[in-house]
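Trainee: Taking our numbering, the leading residue of the sequence shown gets 2, the next gets one more, and so forth.
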Amino acid sequence: MLTNPEIAAVFERIGKILDLRGENVFRVRAYQRAAQVIESLSEELKSIHERGGRDALLEIPGIGQDLADKIIEMLATGKLKYIAELQKTMPKGLFDIMEISGMGPKKTKMLWEKYDIKNIAELEKLMKSGKLLKVKGWGEKSVENVLTGIAAKRAHSGRTSLPTGLAVAEMLKEELLKTGLCDKIEIAGSVRRRKDTIGDLDILVASKKPEKVMKAFCTQKDVAQILAQGETKSSVRLKNGLQADLRVLDINVFGAALHYFTGSKEHNVHIRQLGIKHGLTISEYGVYKGTAEKKGKLMASKTEEDIYRAVGLPFIEPELREDKWEVEAAQKKMLPDLITLSDLRGDLHLHSNFSDGAATMIEMAQAAKNAGLEYIAITDHGSPMGMVYGIKEKNIKEYLKKIDEARKAVPGIHILAGTEVDILEDGSLYLSDKILKQLDWVVASIHGHFKMTHAAMTKRIIRAIEHPLVNVIAHPTARLLLKRDPIEYDMEAVLKAASKNNVAMEINASIERLDLNDLHAKRAKELGIMLTIDSDAHHPRDLSYRFGITQARRGWIEKGDVLNTKSWKEFEKWRNA
Ligand code: DGT
Ligand code: CA
Ligand code: CA
Ligand code: ZN
Numbered sequence: 002m003l004t005n006p007e008i009a010a011v012f013e014r015i016g017k018i019l020d021l022r023g024e025n026v027f028r029v030r031a032y033q034r035a036a037q038v039i040e041s042l043s044e045e046l047k048s049i050h051e052r053g054g055r056d057a058l059l060e061i062p063g064i065g066q067d068l069a070d071k072i073i074e075m076l077a078t079g080k081l082k083y084i085a086e087l088q089k090t091m092p093k094g095l096f097d098i099m100e101i102s103g104m105g106p107k108k109t110k111m112l113w114e115k116y117d118i119k120n121i122a123e124l125e126k127l128m129k130s131g132k133l134l135k136v137k138g139w140g141e142k143s144v145e146n147v148l149t150g151i152a153a154k155r156a157h158s159g160r161t162s163l164p165t166g167l168a169v170a171e172m173l174k175e176e177l178l179k180t181g182l183c184d185k186i187e188i189a190g191s192v193r194r195r196k197d198t199i200g201d202l203d204i205l206v207a208s209k210k211p212e213k214v215m216k217a218f219c220t221q222k223d224v225a226q227i228l229a230q231g232e233t234k235s236s237v238r239l240k241n242g243l244q245a246d247l248r249v250l251d252i253n254v255f256g257a258a259l260h261y262f263t264g265s266k267e268h269n270v271h272i273r274q275l276g277i278k279h280g281l282t283i284s285e286y287g288v289y290k291g292t293a294e295k296k297g298k299l300m301a302s303k304t305e306e307d308i309y310r311a312v313g314l315p316f317i318e319p320e321l322r323e324d325k326w327e328v329e330a331a332q333k334k335m336l337p338d339l340i341t342l343s344d345l346r347g348d349l350h351l352h353s354n355f356s357d358g359a360a361t362m363i364e365m366a367q368a369a370k371n372a373g374l375e376y377i378a379i380t381d382h383g384s385p386m387g388m389v390y391g392i393k394e395k396n397i398k399e400y401l402k403k404i405d406e407a408r409k410a411v412p413g414i415h416i417l418a419g420t421e422v423d424i425l426e427d428g429s430l431y432l433s434d435k436i437l438k439q440l441d442w443v444v445a446s447i448h449g450h451f452k453m454t455h456a457a458m459t460k461r462i463i464r465a466i467e468h469p470l471v472n473v474i475a476h477p478t479a480r481l482l483l484k485r486d487p488i489e490y491d492m493e494a495v496l497k498a499a500s501k502n503n504v505a506m507e508i509n510a511s512i513e514r515l516d517l518n519d520l521h522a523k524r525a526k527e528l529g530i531m532l533t534i535d536s537d538a539h540h541p542r543d544l545s546y547r548f549g550i551t552q553a554r555r556g557w558i559e560k561g562d563v564l565n566t567k568s569w570k571e572f573e574k575w576r577n578a
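#1: Select from R193, I512 and R547 the residue whose C-alpha is nearest the C-alpha of I204.
#2: Can you confirm whether the segment 10-18 touches the segment 27-41 when touching is taken to mean that 3 or more C-beta pairs between the two stretches lie within less than 8 Å?
#3: Is the Cβ-Cβ distance between K303 and G256 less than 8 Å?
#4: Apply the 10 Å Cβ neighbour rule to W442 and answer buried if 16 or more other Cβ atoms are within range, or exposed otherwise.
#5: Expressed to the nearest angstrom, what Euclidean distance is found between the alpha-carbon atoms of K567 and N120?
#6: Flag G190 as yes when its Cβ comes closer than 7 Å to any non-hydrogen atom of ligand 3, and as no otherwise.
#7: Thinking E318 and L259 are a contact (beta carbons under 8 Å), I'd like their distance in whole angstroms, please.
#8: How far does the beta strand (DSSP E) with N509 in it extend, from its first residue to its last?
#9: Going by C-alpha to C-alpha distance, which of L124, K135 and L202 sits closest to G159?
#10: Identify whether K295 lies in helix, strand or coil by the three-state DSSP scheme.
#11: Take D251 and list the residues in its own chain whose beta-carbon comes closer than 8 Å to its own, dropping the five residues that flank it on each side.
#12: With a CB to CB cut of under 7 Å and the five nearest residues on each side skipped, what residues in its chain are close to E306?
#13: Looking at the unbroken beta strand (DSSP E) that takes in H450, where does it start and where does it end?
#14: Have a look at G231, A368 and K135 and flag the residue whose alpha-carbon is nearest the alpha-carbon of H352.
#15: Beta carbon of L68, beta carbon of A35: below 8 Å?
#16: For W442, write down the residues that DSSP places opposite it in a beta bridge.
#17: Measuring alpha carbon to alpha carbon, tell me which residue in G242, I227 and L243 is nearest S236.
#18: Terminal residues of the continuous alpha helix (DSSP H) containing G94?
#19: Pick out whichever of L239, K210 and K135 has its Cα sitting closest to the Cα of G166.
#20: Using the beta-carbon count (16 or more within 10 Å), is V26 buried or exposed?
#21: Counting C-beta neighbours from all protein chains within 10 Å, is the total for M362 16 or more, i.e. buried, or is it exposed?
#22: Using the beta-carbon count (16 or more within 10 Å), is S343 buried or exposed?
#23: Enumerate in chain order the residues of its own chain whose CB-to-CB distance from G280 is below 8 Å, with the five nearest sequence positions on each side excluded.
#24: With hydrogens ignored, establish whether the beta-carbon of F96 is closer than 7 Å to any heavy atom of ligand 1.
#25: Report the three-state DSSP secondary structure of Y546 (helix, strand or coil).
This is the structure in structure tokens:
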């Protein structure tokens with residue numbers, strides 16, 4: 002039982018190994034493509050297979066006979082013989098190396114062959130030795146990038162991205178439900194709070210047969226190791242490396258336990274203190290009158306609402322439970338009415354094959370329309386990076402013409418002609434004003450020169466914000482979740498500049514980025530800045546906003562804070578104001 006992100010990861014790794022071995026590029030691409038496709042499927046491969054067998058898998062674009070068989074093997078056994086064989090052909094450490102930001106298969110291969118680099122420690126030593134400074138394709142910048150990548154990997158080790166964690170947790174939940182032993186089951190912990198990265202999974206079950214549930218949990222085929230197996234609590238290490246904790250409880254205390262194990266710890270501490278003021282003791286077993294030493298009557302335990310009510314509060318959404326003023330807001334009846342997925346009506350950042358997207362404008366527009374959107378901005382790159390192609394002085398007419406054609410071909414959705422233009426090292430934009438003036442929507446973002454002093458980076462972004470033609474700053478910290486750290490600058494000064502210049506800030510919903518983060522989004526809102534929640538899709542299947550919404554909710558964002566919740570008419574009013 003592997004989840005989509007796990008299967009995608011296997012294919013991605015095969016692609017990398019083949020690439021590293023210098024095999025046929027088409028084979029490499031086939032695996033990369035399959036990985037991308039699978040990652041963005043809205044249905045689990047497991048259920049597609051159960052529903053329609055091998056034929057249903059073959060209907061997925063990019064999945065041929067061979068890949069379908071590999072998927073079936075993984076669904077059945079949780080493993081893939083082919084990758085096990087491949088992995089035997091090279092040192093294990095090369096995989097870690099390839100996953101470091103700034104590396105990749107080609108560079109890994111070169112360093113392996115020429116310098117016999119087989120693991121991260123050796124890589125770090127080589128980078129620090131200065132040997133690469135004069136080597137073609139390397140130099141100071143590349144070396145620095147790799148060293149940063151190594152540091153980031155170390156800092157993040159042990160955490161997993163929310164999209165992966167949530168998919169695995171939902172699979173475990175489904176398996177446990179199948180036993181028929183669960184009267185209630187919930188995913189708790191940081192996954193329930195939808196934190197962007199998670200340490201481990203926490204699952205709660207109410208059951209009258211706890212031993213049986215524990216046994217079912219610990220003997221699933223995804224379990225690599227049982228860390229602890231008790232009457233009410235078990236912990237396992239899954240084959241994918243994630244740890245999962247299961248607690249089985251009496252249904253009468255489910256609400257108290259759910260509240261406790263959802264956390265955060267800081268939120269719990271705050272609620273407990275509030276309880277003390279009311280003469281109450283709160284634990285995972287319930288809210289009691291009196292002190293811990295002299296416990297009185299049980300006041301609440303069945304539902305989370307009961308727990309909150311006992312301390313005089315309304316229900317607080319899990320995404321808010323970080324002790325970032327949500328308890329005070331609840332007391333003052335000032336809790337936000339959080340945005341939901343169905344509030345979105347447009348997407349203001351996506352790509353076509355005019356730059357580095359994989360589909361035509363028409364295909365992207367059609368997909369957006371099918372997804373129920375009222376409007377989109379096609380924002381192909383304007384960038385000095387050759388590999389993304391995109392908008393130049395010489396082809397802007399052709400770009401606009403293509404957008405016009407898409408408008409005609411796909412009626413019923415409004416299409417803005419936009420660009421995602423690079424913010425250059427000095428804060429100027431890659432495209433001239435003459436070009437930008439011909440466009441309806443300008444997204445500006447940083448794709449290079451990540452290493453600058455704090456002050457220079459702040460100045461760079463503020464200069465872009467002050468450009469009169471810029472509408473929004475996309476993925477403002479340029480981080481790659483768990484892979485590349487955010488660029489560093491004075492966020493407060495940048496947000497103030499955005500507020501002053503009426504420039505929006507993006508919450509990029511791509512699961513690679515989730516940028517702005519929750520705290521920055523919250524601060525942006527406080528400063529009255531409008532946000533956008535965009536897919537940054539490079540393929541119709543990437544038109545996905547789920548994790549942008551969860552991130553926004555963690556940032557206290559309401560419908561009215563987000564530009565692309567506006568109707569087309571209202572949005573146009575804002576744009577032309
Ligand atoms: P993670 O796994 O690092 O992403 O973060 P969490 O929040 O899931 O933390 P975890 O798995 O250690 O524990 C789950 C929840 O259980 C946590 O959010 C709050 C609660 N909890 C755990 N240990 C304590 C504790 O010592 N005191 C209190 N008040 N709550 C705790
Ligand atoms: Ca956890
Ligand atoms: Ca835990
Ligand atoms: Zn983009």
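Even for Gly, the Cβ is constructed at its ideal location relative to N, Cα and C.
Mentor: With the given structure in hand:
#1: On the sequence shown, residue 204 is found 203 positions in, with the first residue counted as 1. When each option's Cα is compared against that of I204, the closest is R193.
#2: yes
#3: Along the sequence shown, one-based indexing puts residue 303 at 302. Along the sequence shown, one-based indexing puts residue 256 at 255. In this structure, G256 lies closer than 8 Å to K303 by Cβ.
#4: The residue labelled residue 442 in the question sits at position 441 within the sequence shown. Buried: at least 16 other Cβ atoms inside 10 Å.
#5: Residue numbering aside, residue 567 sits at position 566 when the sequence shown is read from its first letter. Residue numbering aside, residue 120 sits at position 119 when the sequence shown is read from its first letter. For K567 and N120, the distance between alpha carbons rounds to 50 Å.
#6: Looking up residue 190 in the sequence shown gives position 189. Flag set: Cβ of G190 near ligand 3.
#7: Within the sequence shown, the letter at position 317 stands for residue 318. Within the sequence shown, the letter at position 258 stands for residue 259. E318 to L259, Cβ: 13 Å. No contact.
#8: In the sequence shown, the residue the question calls residue 509 occupies position 508. That run of the beta strand (DSSP E) goes A505 to N509.
#9: Residue numbering aside, residue 159 sits at position 158 when the sequence shown is read from its first letter. Nearest option by C-alpha distance: L202.
#10: As a first step, residue 295 is located in the sequence shown; it is residue number 294 there, counting from the start. Of the three classes helix, strand and coil, the one that applies to K295 here is coil, per DSSP.
#11: Reading the sequence shown from its first residue, position 250 is the one you call residue 251. Cβ within range, chain order: A207.
#12: Along the sequence shown, read from residue 1 onward, the residue named residue 306 stands at position 305. Around E306: F316.
#13: Translated into the one-based positions of the sequence shown, residue 450 becomes position 449. First-last for H450: undefined, no H or E at that position.
#14: The residue labelled residue 352 in the question sits at position 351 within the sequence shown. That would be A368, whose Cα lies nearest to the Cα of H352.
#15: Start at 1 with the first residue of the sequence shown, and residue 68 comes out as number 67. Start at 1 with the first residue of the sequence shown, and residue 35 comes out as number 34. Contact: yes.
#16: As a first step, residue 442 is located in the sequence shown; it is residue number 441 there, counting from the start. DSSP, once it has assigned bridges, lists G419 as partnering W442.
#17: By one-based count along the sequence shown, residue 236 stands at place 235. Checked all of G242, I227 and L243; the closest Cα to S236 is I227.
#18: Position 93 of the sequence shown, counting from 1, holds the residue named residue 94. Here the alpha helix (DSSP H) through G94 covers G94 to M99.
#19: As a working mapping, residue 166 is identified with position 165 in the sequence shown. Considering only alpha carbons, the answer is L239.
#20: Locating residue 26 in the sequence shown gives position 25, counting from the first residue. Label assigned to V26: exposed.
#21: Counting from 1 along the sequence shown, the entry for residue 362 is found at position 361. Buried is the call here.
#22: As a working note, residue 343 is residue 342 in the sequence shown. Exposed, by the Cβ-count rule.
#23: As a first step, residue 280 must be located in the sequence shown, where it is residue number 279. The answer, listed in chain order, is K290 and G291.
#24: On the sequence shown, residue 96 is found 95 positions in, with the first residue counted as 1. Checking the Cβ of F96 against ligand 1 gives no.
#25: The residue you call residue 546 lines up with position 545 of the sequence shown. Y546: coil per DSSP, three-state reduction.
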